[in-house]
Amino acid sequence: MVGNTLVLVVLGRLRPGGRPSRSTTNIFILNLSIADFSFLLFCVPFQATIYSLPEWIFGAFFCKWVHYLAMATMLVSIFTLVAMSVDRYIAVVHAKRSPCIRSKRNAALGVGVIWLLSLLIAIPVAQHQALMSGHQQAPNSSFCWEHWADGSTAKQMYKITILLVGYLLPLVLITCCYAKVGERDASNV
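Put into structure tokens, the structure is as follows:
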């Protein structure tokens, strides 16, 4: 919380001209900080109760909302890290064309696309998170659990999609971008 608050304060400070600094890098860092701050503020307190209370006490809406927001903010963070690595790649490897591509407008548009994609990809989490009761060991308690139709291939497809889109593809993109940046730096030495 403290780190994210400091990032927000530093990025919100005014330059000598009276306007905040809004470089493409700062826009992405601000977005990453907002996603992390949202997760800490809206998800962690609820998730902590899963481990500290014997049942889910917040009702069906928050059961869906907390898990949906956790997935969405995780994806926003991942996609923002990818955008930052692509931004760095463009700045270093394509330095001459960089000012045209790395505009504040493009960075803000990228952040909008990141949030839209993340919120859309996380929808199945909200659809399949349910308040359940009647567990054998605690028949009078309710729990917030993931619930997919029995034998559903949709669950496996969604989990594979998250693995690919939220882990493997970002890993490959970030690795390739920084490998190219490293190559460029090594050739300039």
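Quick note: the sequence shown, position 15, residue 15 per full-length UniProt numbering, numbers continuous. All C-beta atoms in this analysis are idealised placements derived from N, C-alpha and C, irrespective of residue type, glycine included.
Please classify residue i: is it buried, with 16 or more other beta-carbons within 10 angstroms of its beta-carbon, or exposed?
i	result
R97	exposed
T5	exposed
Y167	exposed
A48	exposed
V113	exposed
A186	exposed
T24	buried
S118	buried
C176	exposed
I78	buried
R35	Residue identity differs from the one stated: residue 35 is Ala in this sequence, not Arg. Buried.
V44	exposed
D150	exposed
A83	buried
S142	buried
L30	buried
So what does residue i bridge to, in DSSP terms?
i	result
C144	L131
Quick one: measure Cβ to Cβ for residue i and residue j, integer angstroms, because I've assumed they're closer than 8 Å.
i	j	result
T80	F37	About 13 Å separates the two Cβ atoms, so there is no contact after all.
S85	I174	4 Å
A130	C63	7 Å
V76	W115	6 Å
Inset, instruction - Report yes or no: do three or more beta-carbon pairs, one from the region 48 to 66 and one from the region 97 to 110, lie closer than 8 Å? - result: no
Legend entry - Touch test, the region 140 to 159 against the region 71 to 91, Cβ-Cβ under 8 Å, three pairs minimum: no
Inset, instruction - Could you tell me which uninterrupted beta strand (DSSP E) segments, each at least 3 residues in length, are contained entirely in the region 77 to 131, listed from first to last along the chain? - result: none
Legend entry - Runs of beta strand (DSSP E) wholly within the region 25 to 80 (minimum 3 residues, chain order): none
Inset, instruction - Evaluate contact between the region 88 to 96 and the region 119 to 131, counting only Cβ atoms and requiring at least three cross-stretch pairs below 8 Å. - result: no
Legend entry - Stretch pair the region 146 to 156 + the region 104 to 120: three plus CB contacts closer than 8 Å: no
Inset, instruction - Just list the alpha helix (DSSP H) runs in the region 144 to 174, keeping only unbroken ones of 4 residues or longer that don't cross its boundaries, in chain order. - result: 153 to 163
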